[in-house]
Each structure stands twice: as structure tokens, then as C-alpha cells.
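Single-structure report; data block below.
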Amino acid sequence: MANITIQKLQEKKTAQSLISALTCYDATFAKILDQHTTVDILLVGDSLGMAFKGEDSTLNVTIDNIAYHMRAVSKAAKRSHLIADMPFLSYQINEDETLKNAGVLMQAGAHAVKLEGGASLQNSIRRLANIGIPVMGHIGLTPQHIHALGGYVVQGKTKTAKDRLLNDALAIQDAGAYALVLECVPEEVAQEITARLHIPTIGIGAGKYCDGQILVLYDLLDLNPEFRPKFVKQFLDGAALIANACQTYVNEVNDKTFPEPKHTYHSKNTI
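Okay, so the sequence shown: first residue is 286 according to the numbering used here, each after it adds one.
This is the structure we're talking about:
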């Protein structure tokens, strides 16, 4: 059982104590984040399609991909609350397929699953919640709908669009979801939704009034300097630091300063 439970996340909202979340795709990063930070949530997101696999979108990520990475993360993370994204077409076909795929992710080590979409998912969310599979919702910019949305654009900018988001948020809550991601919506809209819900909201590009924030770990570390959306702050010059370290290694190999004697094994007996 993780230290950060759904109940503790709810208590944070009640106490107006903010929730922190990051994506994570492997055991090495999971161990660092779980043991050496106080981050609350680790999400094995379908963002791994772009951040990890080099795809142009999240649409090619499969349930097997998510399960594979969740198994790695869950082996190393013992404190954080672990969420698995349900990828494209893993929950849109029918409720039985949704249940089966959610079960795969829970058996891989997830504590909850996340679904993108609004009121149309009420039945699926309710069914999962009723059998004990916690569900986090996700509205606003939903990357699995990127072609229907016309690109990575801010959602909820008109009154009609704002009202639709609010209705979706309330429907998701009423269906039994325990939390909700708000992605790329105006700060004022996120503030209103957060105030109307009794479950926590987690923002990404949604301003400071959400109950918590999430970022893609690789974006935070600036591992892909060519991808810098407005809502991301780079907390480390990661790509340059890694490149410099690796080039130093190459240089030392070439000039024979590595390996040094302290990195070298010797036999006890010489002939």
C-alpha cells in the first residue's frame, strides 16, 4: 500500500494543501522521485509515446506499453500514488473491454487509471469505480482527441465551451471519479471548476487555482529543448548537462584518461 492514498489526496484538497504530480516511465526515475522527493503522484502517461518512443502523438501507445512501464515504475516506487493512463482505443470500444484493460493496468501495479473525455464516459467510470478500480478523469485538451480538436490548442475559451467543460467535470465526479486533470484551459475556467468540485483537480496549463499540478518529467528536466510549450517551466538544463557529461566520457576514452587505475581490475598473480 502506497503512503499517498486517494484519501490523503482528498484530505489535501480539503486542507487546501497542494498536490504535486509528475509523469514517470522507468524504475530509475521512479526510485529517485519516490525516495528523494515528496512528489505525491507518479503517472505512467501515454505521453511516453512522445517523450519516450519518439512518436508525434500519443495515439500509437498500447495497453501493453503502459503495462510494461507501470511494472517498472511500481517495482521502485513504494510511497507515491501510481496512476496509469488508459491509452487510445483501450476504453472507447465497449465497457467490457474497458474493464479488461483497466484490470491489466491494475495488475501491473497501478493504484488507479486515468481516462480522457467527458460526460460520455460516465457509464465506464461508474462501472470501474463500482468494482474498486479508482478513476481519474481528464478534460480540456485531451491528446487522444488531437485530430478532432484541431491541434494542441487551449480549450474552454468561450462561454459555451466553458459550460461544456463544467458539465463534463460534474458528470465525471458524479460517476465516481476521485480526481480530475484539467489540461490547457484558461485559469479562470479551472478556478471555477475547482471551486465547484469536491474532488481534487490537477492542472497542466490550467493556472494556479487547481488543487495540484502535473508536468511531464522530461519537459521539466528540459530533455527535449525543441519542445517547450508555454505551460512548462524548465527546472534543469537537462539535455545540455547530459550531452556535456557524455562528451567528456568520449574525450577521455579518446585521450586514454579513462579508464583510470581505480576503474581497472588486475589479476593477483602475474607471469
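For each residue, glycine too, the CB sits at the ideal point set by N, CA and C. Note that the structure is predicted; figures quoted are calculated from it, not measured.
Cβ-Cβ separation, residue j to residue i (assumed contact under 8 Å), whole Å
i	j	result
Leu327	Ser365	5 Å
Leu294	Ile304	6 Å
Ile484	Leu455	Their Cβ separation, rounded to whole angstroms, is 10 Å, which puts Ile484 and Leu455 out of contact at 8 Å.
Ala462	Ile410	5 Å
Pairwise C-alpha distance: residue j and residue i
i	j	result
Gln519	Asp507	6 Å
Glu401	Ala460	14 Å
Lys385	Ile418	11 Å
Gly497	Ile487	5 Å
Ile478	Ala528	42 Å
His548	Gln532	19 Å
Glu545	Ile378	58 Å
Met391	Ala397	7 Å
Val439	Gly330	20 Å
Ala387	Met371	7 Å
Thr443	Ala480	19 Å
Ile351	Phe543	38 Å
Ile499	His551	49 Å
Asn288	Met335	30 Å
Ala393	Ala369	9 Å
His423	Lys298	17 Å
Leu247	Gly425	Residue numbering for the chain in the displayed model covers 286 to 556; residue 247 lies beyond these limits and cannot be assessed.
Asp522	Asp504	10 Å
Gln292	His432	36 Å
Asp453	Val474	13 Å
Glu296	Ser302	8 Å
Exposure label - residue i; buried when at least 16 CB within 10 Å
i	result
Val358	buried
Asn415	exposed
Ser405	exposed
Thr427	buried
Pro514	exposed
Asp341	exposed
Val420	buried
Lys360	exposed
Thr383	buried
Exercise for the section: Report yes or no: do the segment 461-472 and the segment 485-503 share at least 3 C-beta pairs separated by less than 8 Å? Expected result: Three or more beta-carbon pairs separated by less than 8 Å link the segment 461-472 to the segment 485-503, which places the two stretches in contact.
Problem - Those runs of the alpha helix (DSSP H) which lie wholly inside the segment 288-322 and span at least 4 residues - result: Residue ranges of uninterrupted alpha helix (DSSP H) with 4 or more members, entirely inside the segment 288-322 and ordered along the chain, are 291-299, 312-321.
Exercise for the section: Taking only runs that begin and end inside the segment 337-401, name each unbroken beta strand (DSSP E) of 3 or more residues, in chain order. Expected result: List check, beta strand (DSSP E) in window: 366-370, 397-399.
Exercise for the section: Give a yes or no on contact between the segment 335-346 and the segment 519-539, applying the rule of three or more CB pairs nearer than 8 Å. Expected result: The segment 335-346, when compared against the segment 519-539, does not touch it at the 8 Å Cβ threshold.
Handout entry: Sequence ranges, beta strand (DSSP E) only - wholly within the segment 460-530, length at least 3
Key = Counting whole runs of 3 or more residues, the segment 460-530 contains the beta strand (DSSP E) stretches 464-468, 486-489, 497-500.
Problem - Start-end ranges of the alpha helix (DSSP H) lying completely within the segment 395-455, minimum 4 residues - result: Complete alpha helix (DSSP H) runs here, min 4: 407-415, 431-434.
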